[in-house]
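Those letters in the sequence shown? Residues 17 to 395, by my numbering.
What follows is a short report on a single structure.
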Amino acid sequence: MARDYYDTLGVDRGADDATIKKAFRRLARELHPDVNAHDPEAEEKFKEAAAAYEVLSDPERRKLYDAYGEDGLRGRGYAPDMDAFGSVSDLFSAFFGAGGFDAAFGAGGRRGRPAGGIQGGDVVVAAAIDLADSARGTRVEVSYEAAAPCPTCNGNGAEPGTPIVTCPRCQGTGQHQRVARTAFGQLVRTAVCDQCEGEGRIPETPCHECEGAGMVGERRHVAVDIPPGIADGQRIRLTRRGHAGQQGGPPGDLYVVVRVREDERFLRDGEDLVTVIDVPAPLAALGTTVQVPTFDGDVPLEIPAGTQPGETIVMRGRGLPPLSRGRTGDLRVVVNVAIPRRLTREQRSLLEEFAATVTDDNLRSDEGMLAKLKRVLAG
Ligand SMILES: [Zn+2]
Ligand SMILES: [Zn+2]
């Protein structure tokens, strides 16, 4: 059974953006690997929640999903692919920024305060283009949510006009001692303070807009130039367009995963394109000119007399441009010799008359039996 994104997040179909966001943050808090080190299912569940959130937090994707389900998303190249993130911690950074999750949820894990701050997490979005656009190159607009400094508190997490004070839990040291009872007796561990995340200072009154995290989700629209020759699944990296960094750190990067929609007319084989043209058997015998589709419109192609089924005619340079260097690919036209069906009485008698004249010489080919077999098997 198909997953239902609303069920995954535990919200109604009519839920507003704030409710969806809240539900996702609640699930993320429950499923974080630091909390669930012993639950292998938590990682899978978090991926599902992230996929649901990625769709339902984007108005365009949500509308598609409501109308057509996951198939609708897939058709537009929007099906969420959480495995593209690699590890589950990459996935968390993608949604909450490096350290942003900890700041937002107090789950621990930040190690002190590195010089230069903490870089923001990367964001991955998908963009779907037509095969014709991948031949010419194009520009698309992607929209995504990224962590940005909270405009209300300017990122310091304090309600405007209220002070930032020494953390009462760790007295400003950023660390505290944790006593664990184990089979070997009591173990004392020094841990990063879970109240101030090791900073030693916390806002006295957390900012109402970001709940003290200093970060808010911000929807961004970015125009992305897609170079000619790009293939399905390739990524474009836009530096510093990801989640905001923390403590003066630089932002993360934006990765645009390009999905190239299939084109009914062509199969792609590297830089080459392959297409199939039907030629009626009598015309293949006589020779003819056919129109072949290309991205610059139909172009005429001469089919020599005696062209055999499955023969390929190469149109040089009519394929896709190379992404970096090399030569432009070819268009390989496979000739499908079509045998006429449902003959009229007149056609039948004409063919019978013709068939009676066929000699061995008409069927003799210049290639040997083995070459012919190889060609047929390769086709
Ligand atoms: Zn704030
Ligand atoms: Zn503290």
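Ideal Cβ positions, reconstructed from N, Cα and C, are used throughout, including at glycine.
Quick caveat, the model's predicted, so the values are computed rather than measured.
Handout entry: Candidates 364, 269, 55 and 158, of which the one nearest residue 236 by Cα
Key = 158
Problem - Extent of the continuous alpha helix (DSSP H) run through residue 219 - result: Under the DSSP assignment, residue 219 falls outside any alpha helix (DSSP H), being part of the beta strand (DSSP E) whose first and last residues are 217-219.
Problem - At least 3 beta-carbon pairs within less than 8 Å: the segment 289-309 vs the segment 338-349 - result: yes
Problem - residue 71: first and last residue of the uninterrupted alpha helix (DSSP H) it sits in - result: 56-72
Handout entry: Reference residue 371; option with closest CA among 231, 298 and 327
Key = 298
Exercise for the section: Quick one: grab the DSSP three-state call for residue 172. Expected result: coil
Exercise for the section: Count the CB pairs spanning the segment 186-195 and the segment 205-219 that are closer than 8 Å, and state whether there are at least three. Expected result: yes
Problem - Pair within 8 Å by beta-carbon distance, residue 258 and residue 335 - result: no
Handout entry: Distance between beta carbons of residue 274 and residue 145, contact taken as under 8 Å
Key = 6 Å
Problem - Ranges of the beta strand (DSSP E) found wholly within the segment 214-255, counting only runs of at least 3 - result: Contiguous beta strand (DSSP E) elements confined to the segment 214-255 occur at 217-219, 231-242 and 251-254, taking only those with 3 or more residues.
Practice task
Using only the heavy atoms of ligand 2, determine whether one of them is closer than 7 Å to the beta carbon of residue 185.
Solution key: yes
Handout entry: Inter-stretch contact at 8 Å, needing at least 3 Cβ pairs: the segment 260-273 / the segment 298-312
Key = Short answer: they don't touch.
Practice task
To the nearest angstrom, report how far apart residue 227 and residue 166 are at their CA atoms.
Solution key: 10 Å
Problem - Nonlocal neighbours in the same chain, by C-beta distance under 8 Å from residue 34, ignoring five residues either side - result: none
Problem - Nearest-angstrom beta carbon gap, residue 282 and residue 367 [assumed within contact, 8 Å] - result: Rounded, the Cβ-Cβ distance is 34 Å, inconsistent with contact.
Handout entry: Alpha-carbon spacing of residue 75 relative to residue 311, whole angstroms
Key = 33 Å
Exercise for the section: Give me whichever residues DSSP pairs with residue 293 in a beta bridge. Expected result: 351
Exercise for the section: Could you tell me if residue 267 is buried or exposed, where buried requires 16 or more neighbouring beta carbons within 10 angstroms of its beta carbon? Expected result: buried
Handout entry: Strand pairing of residue 283, partner residues [DSSP]
Key = 290
Problem - residue 263 - DSSP class collapsed to helix/strand/coil - result: Residue 263 falls in the coil class under three-state DSSP.
Handout entry: Nearest candidate by alpha-carbon position, reference residue 134, set 276, 358, 256 and 360
Key = 256
Exercise for the section: Would you identify the three-state DSSP class for residue 28, choosing helix, strand or coil? Expected result: coil
Problem - 8 Å Cβ cutoff met for residue 219 and residue 180 - result: yes
Problem - Reduced DSSP category for residue 46 - H, G, I as helix; E, B as strand; rest coil - result: helix
Problem - Alpha carbon of residue 313 to alpha carbon of residue 72, nearest angstrom - result: Between residue 313 and residue 72, the alpha-carbon positions lie close to 39 Å from each other.
Handout entry: Beta bridge counterpart(s) of residue 6 as assigned by DSSP
Key = Because the chain is modelled from 17 through 395, residue 6 falls outside the range shown and cannot be assessed.
Problem - Contacts around residue 333, its chain only, beta-carbon distance under 6 Å, and the 5 residues preceding and following it disregarded - result: 344
Exercise for the section: Examine ligand 1 and report whether any of its heavy atoms sits within less than 7 Å of the Cβ of residue 1. Expected result: Outside the modelled stretch of the chain, which goes from 17 to 395, sits residue 1, for which no answer is possible.
Practice task
Sort 377, 24, 326 and 357 by Cα distance to residue 66 and report the nearest one.
Solution key: Checking every option, the nearest Cα to that of residue 66 belongs to 24.
Problem - Beta-carbon proximity of residue 195 to residue 202, cut-off 8 Å - result: yes
Problem - Extent of the continuous beta strand (DSSP E) to which residue 270 belongs - result: 270-276
Practice task
Please report how far the alpha carbon of residue 214 lies from the alpha carbon of residue 90, in whole angstroms.
Solution key: 43 Å
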